[in-house]
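Report on one structure; see the data block that follows.
Numbering (my numbering), first residue to last: 1 to 1664.
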C-alpha cells in the first residue's frame, strides 16, 4: 500500500517549477564495490552513489521504489544490479556510466533479497532470499528470465560468490555451514546441485562420521538380540532419522566467517576460531592450514586473528580483523605465515581488489573508504571520510549559497562546501548533541546538547571553526534551537518546558535575557521577525496527548529587549507574561507541526492524525485564558505520516515534509503544491529535517533513518517565483549587512573558549586508540558548573541581603534553640549509654532515640509494616511447608496400601515388605482373593526350574502363566507381564499377612509383659532390690506413623504462651495451694498419718516394712531392769523373732514369684524370637521370589522394547525406500527427457554437419563454368580462414592479476564470432581476388565462403552444446544408478532385518532355577605318588589347552550350525506343510468359485470397466433418492402431525358432543321404556275393546296415538339399521380375507416362477 501511495504522488507537479537531486551525501552501510578500474559504488538510502577514485566526482542513481536493498556489480559488462525493499521486491539492472536501465527482474520473493552476485563471465546473476523462501535463483539478466531455482528452508546465508574461473560453481557460506553449488546445463535447461562441506571440529581435528542410515560398525550381541541404530532406538521413522544424532554425539564445529576463491578453483575459509581452511573445489576435501609462528611473534592482542574479510592475492590472501590491521597470509603447501600488511585507524569490514589488481579497497566499520595503490605514493588514500553516525541536524551558513553545517548525535560538527559536498573542516564537542542552528546575522552557529548546554560556534574561518562561548542553561536536554529571521534572538527549548531567550549577537557575549515556561512536550518553535517591524513574534507548539489536542503559546519580544531586559524579567530570570503579551490557544485536534505566518496573523498547521494542512486565524482582540482556534482553510496534503512545516525567508512558500519522504513547496495563500520532489522513502521513515537558503535556490533534506543528506536544486527557477524571493533576499542582506560586519569582526577577534573539545585527530585517537599526533590540547573544567537558572535563584538572596537580615533578627532565638538542643543531646547520650548496658532483648534500636516525633511515628509504622510482612512471610512459609508435608504424606504414606513397618528384637530387625505402593487400592482383587480362599490353589504343570521362580512356595496360582518357551507374540508377552505383576502382588500380600499376624502377636506379648512387669516392680520394691525391669516398647521403625506426629519434647524453640494462658495457669496453681492449706488444717488426717501411716488396715505386703517398737526401759542398762521389764523384754524378743520368721517366709515367696515371672517373660520372648526369625527367612525368600519375577518382567520388557525398535527400523526403511523410489522415478524421468533432448539435438547437429559437407563437396560444381586452375585457386581461398589476433594483455597486468584471463562464455563467443566476421571482410576485399576472375564470380565466391564460415561456427557451437548435453545425460544416468544402488541396499537391509526379527522372535530368553551349593566328586582319590611322572614345560600344556579350546569352539560352532540347519529343515518342512495346506485351501476356494452363484450383479462387476464409478453413481442416485424420500417423509409426517392435531381437536369436540348425547340418550331411553310399557298396556286394553271403542278412542285423542306410533317405529328402525351395518361390515371383512389369501397364493407362485427363470438365465459354472 505504501508503494502505491508513493507512485500516486505524481500529480503534485504544477506550474512548471520542479526540483532535482544535485548530489547525495551518505556513507556505506553495505559493502563497497568496484564498477570499473576507477569507479566504486555503494547503496545509501534511496540512492546508489558512484565515486570516481581519481577525481572524487560523485554520480547518483535513484531507486524509484524506495530504499535500495542489496547490490552487486559486473565489472566486465559495467552494470549494477540492486533490489528494492518493497513487498515482492524487484531487481534492477543499470548500465554504467550512462545509468540507463537495462532490465528489470521480477521473481516470486515476498519480502527481501539478501544477497546478489554476478558471475565473472557470462550473463548470469545469482540471488538469495531469506525468510520465508530461503531461495537461491540463477538469472540470465540479459533476457530477464530465471534459469533455475532451489529452496533451502532454514539455511541463512551471509556470503555468496561465483568461482572466477568457472561460472558453474557457486559458494554459499553461513556462520555454521559452507556449501558449493554446481550449475549443470543441458541446452536451455539449468539445474542446481548442492554439496555441503564437512567442517572440522573447533580444535581443527576431523570427526569420523558414521553412516546413520546404514551403520556398518555396530557390535553384534548374541544374547540380547540385534543392535540397532540410534534413530531406531529413538523411535524415529521419518526424514529426521537420517540426520539424527544424540545430544552427547554432537560436537561444536568451526564457524566460517568469510571465503574467497583461488585460480585453481579452491576455496580459502576464514573461521571465527582463528583457523584458515583450504577446500578443494572438486572433491570438497578440507585441509586445515598450519600457522607458522615467527621467532618474534606479534603482540598479545594480535596473536589470535579471526578474519572478518578475505581477498585473494598471489601466493596467499589478505585478511583483516577487528583490531584495525590488514594482514598478509603467505601460503605455502599446507602452512601459512602471517605478516603485517597495513594499519588502519578503524576495524576493517570489507576489502576488494580493483579489476586490474592495482588498487585495494578498504572499508571500515564506520563507513570510511580507503584506496591502497600498489607501487605509487602515497599508497593509502582516503576516498570517503565517514562521519561519526547519521546526521542529526543541518543548516546553511549565512547566506546559504556556499557552505552548510551538519551535526551528529556524538557531537561531530562538519562544515561542507555546498557545490560538491566536500568536507571543509570538523570539530568535535565530545558530548551528545541534539540540535543545530546557524545565525542569520553573523557567521556563528548554536548547538544544543543533551546535558542542557548551548555551544556557540564561530565559522568565520570555515576551515577552522571554534567554540567561542558556552551557556549552561539547565540540567534538562536542549530540544530546540531557533533564530529569528533577523538573527536578533536565539530561542532555546528544553525538555522540561522552558524556552530561554538569548541575545544572538556575539558582541554581547550571547547574553541570556530570560526564560518563559510552556508545556513540557515542545514540538516546534516558530518566529516571525519582519524588516518593517520592531518586534519578534514567537509561537511554541506543544502536544496534549491525554486530551488528544495541541496547545499554542504565543508571545512577542521587542527588538530593544537586550537593552531593557531587567524590566521584562524578575529576579529569577522569568519573563513576565503581561509584558511579553503571552496568549494561550488550543486546537481541537493534534498537530505535528505549526508555523506562524508573516502576515495577517495566520497560523499553518500539519495534522498528525489526518492528512490535512490547515490554516488558522488569530483573534484580533486580546483575551484571557485559553482560546480555541477553528480551522480557517483545510487542504488535503497527500502526504501520509506525521510531517513538519517550514516557511521560506520571504514567507510566501510553505514547505512540507512527511514520513512518506516527499518534499512539497506550496503557495502560502492557496496551500496548493507548485513543486515537489521524492528525496527519501517511507521505508527509512521519511525526512527528518529540511533547510532552505535565504535566496530559495538551495534546499537540503536530511533523512531520518537512511543516513542520507540530499541537496535539491531547481530545474527551472525564474519568473514571478524567483523575483519575489530574490528581492526579499537582497533587502534582507542590506538590512543585515551592518550587523553582520560588526558581529563577524567581533568573532574574528574573539579567542577560543577552553571547553572540552577535540580536533579530528584527537577524536580519531579517542575512537580508534591510535598514536596519531593531535593539533589542539583538550582542556577540561574540573570545577562543576552550575546551570544559569540555579545561579539566578542563588543571586536573589544575595542581591537583597536576605541571609544577613535573618541572622540579625533571629540571633537570640537561635542561641536559645542551640542551648536546648545541647541539653537534649546530653540527655539522649546518657540514655544511650544506659541502653548499651542492657541485655540484647531489652535494648532499643538506635533509631528509637530520635526526637523527631514524625520520624518516630514513621519508623514505628515502618516497623509495624515490617513485622506484619515478617508475620505474613512466616505464615506463608509455614503454609508452604505444611502443604509440602501434606504432599509428601499423601505421596509416601497415605497412597500406600501397605505401610512400611518393622519388627525389632533385642539384637536384630525384621522389616515388612513395604514396596507395595498403590494409589488406588485393589478392592476388586481383594474380593477375588476372598472368593478364592475356599478353592484349591492351582499350580502350573511346569517344574520350578522351568517356571523360573519359587512363587509356588507362597501358594500363588501360576496356572494362568504361559510357558516361557511359548512367548512369541507381543500380546502374549504383555499378558505375561501383567500376570507376573499380579503374582508379585500376591506374594507380597501373603508375606504381609504373615507379618501382620506376627505384629499382632508382638502387641499381645508386649501387653502380657507389661502386665507382668507391674507385679515384678512391686516385688522389687518390696524386696528393695536394685534390679532394672526390662520393658519392651515399639520403636519408631515399628510404628512409623509416630514420625508424622510432632511431640512437644521435640520442639527446641521457646514456646510462646499467650497472656490468657498464663493467667489460667496462675489461677490453677492458686487453687492447688489453697487445697493443700485446707488439707493441712485437718487434724484427723494428720493423726492417721502419724499413727498408722495413713491406712486403717495393715496389708501382707507391709510385713517387710513393719517394725516392733522397743520398750522405753531398753535405754537403761540391763542391771537396773525390773522383773516386769525383763518379762516385757522377753515378749519383745519373741515378737521380733516371729516377725523375722514371717519376713523370711514372705521374702522367699516373693523371690519365687519374681523368678517365675521372669522365666515366663523370657520363654515367651524366646518363642516370639524364633517365630520372628522364621518370618525373616520368609521375607528373604519373598524378596527372592519378587526379584525372580521382576527379572522375568525386565526380560520381557526388554524384548518388547527391542520389538518396537525393530518395527521402527522397518518403518524407517520402508519410508526411506518410498522416498528413494520417488527419487528414482524423478531421475528416470530426467534421464528420459535428457536422452530425448540429446537425440533431437544430435539430429540437428548431424543435419548441420551434413549441410557443411555438402557445401564443401558442391563447391567445384558451383564454379564449373570457370577454368580449372582458377577453381583450384578459389578452392584454396575457400579453405583459407583468417587469423584472429588475441588481445595481449600487458605483462605487468598479467603478473599482478592472479586469475589471468577468465574462460570464455556465451557473450565472449559472440564477440569472437563478430571479430571473425570482421576479419572475413578483409579477406573478401577485391584486392585478394585472383587475376582474370570475373568480379561477379568473386562476389558469389565471397558469399559462399562466408556462408561456409558461418556454418562451421554453428557446427562448432552445436558440437560444444552436444558435448555438454552428453555430460549432463551421463551425470543423470550416474545419479539414477546411484539411486538404484540405494534401493537395492535398502531391500537387502530389509531382508536382513526381517531375518533378524524372525530369529529374535524364535530365540527366546528364558529363566531357569539352578541349585546352589558345593559340587563334590564321587570316588575321588588323591594321587600322592609321582614316580612315573614327567616334568614338562608349562607352555606345552597351555598350547594343548588352547588347541582343545579351539577344537571345542569349532565343535560348538558346528553344533550350532547343525542346530541351525536342523531348525531350517524343520522350518522348511513346516513351510512345505503350510504350502500343501494352502494348496488345498486354494483348490477348495477354486471349486467354491466355480460353484458360486453367478448373478447379474456379479456379471456387471466383471464386465463393467469402471464398476466402482458406476457403483458410486448408483450410490449417489440412491442417496439423492433417499434424501428426497426423507424430505417427503418428513413433510408427510409434518402433515400427518398437523392432521392428527386437527383430528384430536375435532375428536375432543365430538367426545364432548357424544357425552351430551349419551346423557340425553339415557333420558330418552327411560322415556322410551316408559312409553313402551304404556304401549304394551294399551295394546292389551285394545284387545278387549271392540272396534267401536277403538274408533272412539282414536277420534277422541288423535295426537297421543300419533306420537306413540312414531316412537315405536323410530326405535325399530334404529335397531334394524345397526344390525344391517354390522352384517355389512362382517361380509366386507370376510371378502377382504379371501382376497388376501388369493393374492398370497399368487405371490408365492410368481416367486417360484421368478426363481426358475433366474436359474435358467444364469446357470452355474461347472469345471471342465
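C-beta atoms are modelled at their ideal positions from N, C-alpha and C, and glycine is treated no differently.
Asked, Found
"Helix, strand or coil: which one does DSSP assign to residue 323?", "coil"
"Taking just the CA atoms, how far does residue 697 sit from residue 136?", "48 Å"
"Could you please give the first and the last residue of the uninterrupted alpha helix (DSSP H) stretch that includes residue 1254?", "1123-1257"
"Considering Cα atoms alone, identify which of 1000, 367 and 967 is closest to residue 901.", "1000"
"With C-beta atoms as the reference, is residue 253 less than 8 Å away from residue 201?", "yes"
"Thinking C-beta only, is residue 1189 closer than 8 Å to residue 951?", "yes"
"Whose C-beta lies closer than 6 Å to the C-beta of residue 173 among residues of the same chain, with five residues either side of it excluded?", "159, 256 and 259"
"CB-CB under 6 Å to residue 163, same chain, minus the five flanking residues each way: which ones, in chain order?", "169, 261 and 265"
"Going straight from the alpha carbon of residue 691 to that of residue 35, what length do you get?", "33 Å"
"Just checking my contact of residue 1322 with residue 1282 at CB under 8 Å: how many whole Å lie between their CB atoms?", "7 Å"
"When you compare the region 730-745 with the region 405-422, are there three or more beta-carbon pairs, one atom per stretch, that lie closer than 8 Å?", "no"
"Return yes when the Cβ of residue 707 is within less than 8 Å of the Cβ of residue 1667, no when it is not.", "No answer is possible for residue 1667: it lies beyond the span of the chain, which begins at 1 and ends at 1664."
"Could you compute how far the alpha carbon of residue 857 sits from the alpha carbon of residue 1055?", "31 Å"
"Per DSSP, which one or two residues make a beta bridge with residue 433?", "449"
"Out of curiosity, what's the CA-to-CA distance linking residue 609 and residue 589?", "8 Å"
"Buried or exposed: residue 1226, going by 16 or more other Cβ atoms within 10 Å of its Cβ?", "exposed"
"Do you know offhand how far residue 535's Cα is from residue 528's?", "9 Å"
"Give every residue of the same chain whose Cβ lies closer than 7 Å to the Cβ of residue 1115, excluding the five residues on either side of it in the sequence, and list them in chain order.", "none"
"Could you tell me the boundaries of the beta strand (DSSP E) in which residue 1278 lies?", "Note, residue 1278: premise wrong, no beta strand (DSSP E); alpha helix (DSSP H) at 1268-1279."
"According to DSSP, which residues form a beta bridge with residue 339?", "328"
"Grab the span of the beta strand (DSSP E) containing residue 528 for me, first residue to last.", "522-528"
"When you compare the CB positions of residue 488 and residue 502, do they come within less than 8 Å of one another, or not?", "no"
"Roughly how many angstroms lie between the CA atoms of residue 845 and residue 818, to the nearest whole one?", "26 Å"
"Would residue 129 and residue 112 qualify as a contact pair, given that the criterion is a beta-carbon distance under 8 Å?", "yes"
"Given a threshold of 16 other Cβ atoms within 10 Å of its Cβ, counted over all protein chains shown, does residue 719 qualify as buried or as exposed?", "exposed"
"In terms of residue numbering, what span does the beta strand (DSSP E) encompassing residue 237 cover?", "From DSSP, residue 237 is part of no beta strand (DSSP E); its letter is neither H nor E."
"Please state whether DSSP places residue 591 in a helix, a strand or coil.", "strand"
"Just tell me which of 1404, 1182 and 28 has its CA closest to the CA of residue 385.", "28"
"Measuring only the C-alpha atoms, how far is residue 749 from residue 735?", "23 Å"
"Considering only DSSP beta bridges, list what residue 653 is partnered with.", "667"
"According to DSSP, which residues form a beta bridge with residue 1682?", "As displayed, the chain neither begins before 1 nor continues past 1664, which places residue 1682 out of reach and without an answer."
"Can you list, in chain order, the residues of its chain whose CB lies under 6 Å from that of residue 1603, leaving out five sequence neighbours each side?", "Note that residue 1603 scores a pLDDT of 44, beneath 50, so its modelled location is shaky and nothing firm can be said."
"Looking only at its chain, what residues have a beta carbon closer than 6 Å to the beta carbon of residue 1372, apart from the 5 residues adjacent to it on each side?", "1230, 1231 and 1234"
"Which one of 668, 715 and 656 has the shortest CA to CA distance from residue 686?", "656"
"Taking the alpha carbon of residue 508 as the reference point, which residue from 743, 632 and 1568 has its own alpha carbon closest?", "743"
"Buried or exposed: where does residue 603 fall if 16 or more other Cβ atoms within 10 Å of its Cβ makes it buried?", "buried"
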